[in-house]
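Input: a single structure, listed below in structure tokens.
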Amino acid sequence: MRALLTSKWTKVVVFLLCLIPLGGLVWRGFHNGLGANPVEYIQLTTGDWILRFLVLTLCITPFRKLFNLPDLIRFRRMLGLFAFFYLCLHFLTYLGPDQSFDLGGMWKDVAKRPFITVGFLGFLLLLPLALTSTAGWIRRLGGKRWQALHRAIYFAAIAGVIHYYWKVKSDVRMPLFYGALVATLLLWRLGDWFRKRREGASVKLAPQRMPANPAQ
Amino acid sequence: MDEILKIAPLEERIYRHRCVEAWSIVVPWIGFSFSNLVKLVEPTPKAQFVAFQSYYDSGQMPQGRWAGINFPYVEGLRLDEAMNPLTLLSVGMYGETLPNQDGAPVRMVIPWKYGFKSIKSLVKIKFQKNMPPTTWNLAASNEYGFYSNVNPNVDHPRWSQAKERRLGEIFKRATLMFNGYGDQVASLYNGMDLKKNY
Numbered sequence: 010m011r012a013l014l015t016s017k018w019t020k021v022v023v024f025l026l027c028l029i030p031l032g033g034l035v036w037r038g039f040h041n042g043l044g045a046n047p048v049e050y051i052q053l054t055t056g057d058w059i060l061r062f063l064v065l066t067l068c069i070t071p072f073r074k075l076f077n078l079p080d081l082i083r084f085r086r087m088l089g090l091f092a093f094f095y096l097c098l099h100f101l102t103y104l105g106p107d108q109s110f111d112l113g114g115m116w117k118d119v120a121k122r123p124f125i126t127v128g129f130l131g132f133l134l135l136l137p138l139a140l141t142s143t144a145g146w147i148r149r150l151g152g153k154r155w156q157a158l159h160r161a162i163y164f165a166a167i168a169g170v171i172h173y174y175w176k177v178k179s180d181v182r183m184p185l186f187y188g189a190l191v192a193t194l195l196l197w198r199l200g201d202w203f204r205k206r207r208e209g210a211s212v213k214l215a216p217q218r219m220p221a222n223p224a225q
Numbered sequence: 221m222d223e224i225l226k227i228a229p230l231e232e233r234i235y236r237h238r239c240v241e242a243w244s245i246v247v248p249w250i251g252f253s254f255s256n257l258v259k260l261v262e263p264t265p266k267a268q269f270v271a272f273q274s275y276y277d278s279g280q281m282p283q284g285r286w287a288g289i290n291f292p293y294v295e296g297l298r299l300d301e302a303m304n305p306l307t308l309l310s311v312g313m314y315g316e317t318l319p320n321q322d323g324a325p326v327r328m329v330i331p332w333k334y335g336f337k338s339i340k341s342l343v344k345i346k347f348q349k350n351m352p353p354t355t356w357n358l359a360a361s362n363e364y365g366f367y368s369n370v371n372p373n374v375d376h377p378r379w380s381q382a383k384e385r386r387l388g389e390i391f392k393r394a395t396l397m398f399n400g401y402g403d404q405v406a407s408l409y410n411g412m413d414l415k416k417n418y
């Protein structure tokens, strides 16, 4: 497993796999497969893949710890950037075909419609994460600050789920499904944080007790 | 069915169809004005509204329970709306009988209202005194009113109704008041506040 995760070829394969949704759309585009409303089809498909990639990205840390697979970290940035890549396509289909590249009209729409507002908020939250995803930016910001900034993905994922939930006309099964996945992954982190805090507290207490023990 | 087809001669009507979710299409329907059926039925003066009901069989349509709306689907019109010559009882489209997904065997087409008002697969038509309940209004009354006339000035709470995407086109075009049928139907709503009666 370790050899598989650390091989440079695995990264290439994962990269190509992440391009399949885009390839599917292009193929359908050339084969009359985008349905009666192609723009809407592309919007819904890219929207789905944003949430899937966000969920996969959020899976990395729990899976590393639960299954003792630290090398999974090699894929986290790529998965996060693919979420952002499909988000860019999603946003462009909104800015272009829906808003005719009219920024003034877009701002009015963003301000007026809660489901657009919360989707746009998700975009704004992920934008700095994509820009600071390089090793250079980790160094410049320092590990702690970089990590704090990149926790914004939690809020972006929540925004994405709310955006989806508010968008559907009546059948909320899929938004609730993604909501449950994101909630599970975030609650695991909360649990992990509490566990670490407790352990951290007992580690701090330990040295105070030690001198009191004459056997030391 | 044979009796329905004998009510009036069938004609082809090419109508704009505007979905409440901001897409549109031009459809050549086949049918006759619903008013022909009303004249045949001779409702009493007490009848002010027409209530429609769609076919529903939970065994044949198991996905229905997940739709988030109650079935059977019900719709309604004011009698004067139903009597308007544009209001069509349709049995076909594109020169053929209606496919199941488009509302076979008989459906309504009300071209100046959002598509969901044009109820499909009719099994019951009732003339009555009171305004009938309508499915989408029951599901979300703040989003879907009884009238649901196409109106670019009254937005859906979650999206704009000012523009629409004609299927097959990339960019959106302006939506017309009453879907462009104002000359024929605007007088039905004289004196009404269409922002309140959406």
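Protein chains in written order, with my numbering: chain A, 10 to 225; chain B, 221 to 418.
C-beta: ideal position from N, C-alpha, C; glycine also.
Residue i - partner residues in DSSP beta bridges
i: Thr70 of chain A; result: DSSP lists no partner for Thr70 of chain A.
i: Thr317 of chain B; result: B:Gly312
i: Trp286 of chain B; result: Bridge partners of Trp286 of chain B: none, in fact.
i: Lys340 of chain B; result: Paired residue(s): none; Lys340 of chain B is not in a bridge.
i: Gln273 of chain B; result: B:Val294, B:Lys344
i: Ala394 of chain B; result: B:Lys383
i: His478 of chain B; result: Here chain B comprises residues numbered 221 to 418, so residue 478 of chain B is not present and cannot be evaluated.
Per-residue burial, residue i [other beta carbons within 10 Å of its own, 16 or more giving buried]
i: Gln225 of chain A; result: Residue placement at Gln225 of chain A is flagged as unreliable, the pLDDT there being 45, under the threshold of 50; the coordinate-derived value follows with that caveat. Gln225 of chain A should be labelled exposed.
i: Gln283 of chain B; result: exposed
i: Thr264 of chain B; result: exposed
i: Glu223 of chain B; result: exposed
i: Gly169 of chain A; result: buried
i: Pro223 of chain A; result: Low confidence applies here, because Pro223 of chain A scores a pLDDT of 49, under 50, leaving its location unreliable and the question unanswered by this model.
i: Gln273 of chain B; result: buried
i: Asp403 of chain B; result: exposed
i: Ile171 of chain A; result: buried
i: Met328 of chain B; result: buried
i: Asp107 of chain A; result: buried
i: Met313 of chain B; result: buried
i: His40 of chain A; result: exposed
Element boundaries [alpha helix (DSSP H), containing residue i]
i: Met87 of chain A; result: 85-102
For residue i, the nearest candidate out of the options (CA to CA)
i: Arg85 of chain A; options: A:Lys20, A:Gly113, A:Asn46; result: A:Lys20
i: Gly89 of chain A; options: A:Thr143, A:Leu75, A:Gly42, A:Asp107; result: A:Thr143
i: Leu60 of chain A; options: A:His99, A:Leu34, A:Leu43; result: A:His99
i: Pro335 of chain B; options: B:Leu318, B:Val246, B:Leu299; result: Note on residue identity: the sequence assigns Gly, not Pro, to residue 335 of chain B. If we check each option's Cα against that of Gly335 of chain B, B:Val246 comes out closest.
i: Asn417 of chain B; options: B:Pro331, B:Gln381, B:Gly365, B:Ile289; result: B:Gly365
i: Gln348 of chain B; options: B:Leu297, B:Trp379, B:Asn320; result: B:Leu297
i: Leu13 of chain A; options: A:Leu78, A:Leu140, A:Tyr174; result: A:Leu78
Chain-ordered chain A contacts of residue i [CB-CB under 9 Å]
i: Ile390 of chain B; result: Pro47, Val48, Gly105, Pro106
Where residue i meets chain A, residues with beta-carbon distance less than 8 Å
i: Trp289 of chain B; result: Note on residue identity: the sequence assigns Ile, not Trp, to residue 289 of chain B. Per Cβ cutoff of 8 Å: Ser179.
i: Ala302 of chain B; result: The premise fails here: Ala302 of chain B is roughly 26 Å from chain A at the closest Cβ pair, so nothing lies under 8 Å.
i: Ala359 of chain B; result: Ser179
Neighbour list for residue i in chain B, Cβ cutoff strictly below 9 Å
i: Trp116 of chain A; result: Ordered by position in chain B, no residue passes the 9 Å Cβ test against Trp116 of chain A, which lies about 13 Å from the chain.
Proximal residues of chain B, C-beta to C-beta of residue i below 7 Å
i: Arg122 of chain A; result: Arg378, Trp379
i: Trp175 of chain A; result: Arg378
Listed by chain order, chain B residues near residue i by CB distance under 8 Å
i: Ser109 of chain A; result: Phe391, Lys392
i: Arg182 of chain A; result: Trp286
Interface partners of residue i on chain A, CB under 7 Å
i: Trp332 of chain B; result: Correct list: empty, because the minimum Cβ distance to chain A is about 22 Å.
i: Leu387 of chain B; result: Ala45, Asn46
The ligand COA heavy atom lying under 7 Å from the CB of residue i
i: Val405 of chain B; result: This structure lacks the ligand COA, and indeed carries no ligand of any kind.
Endpoints, beta strand (DSSP E) assigned at residue i
i: Trp243 of chain B; result: 243-253
i: His172 of chain A; result: First-last for His172 of chain A: 161-176, but that is the alpha helix (DSSP H), not the beta strand (DSSP E).
i: Glu231 of chain B; result: 231-238
i: Val329 of chain B; result: 327-329
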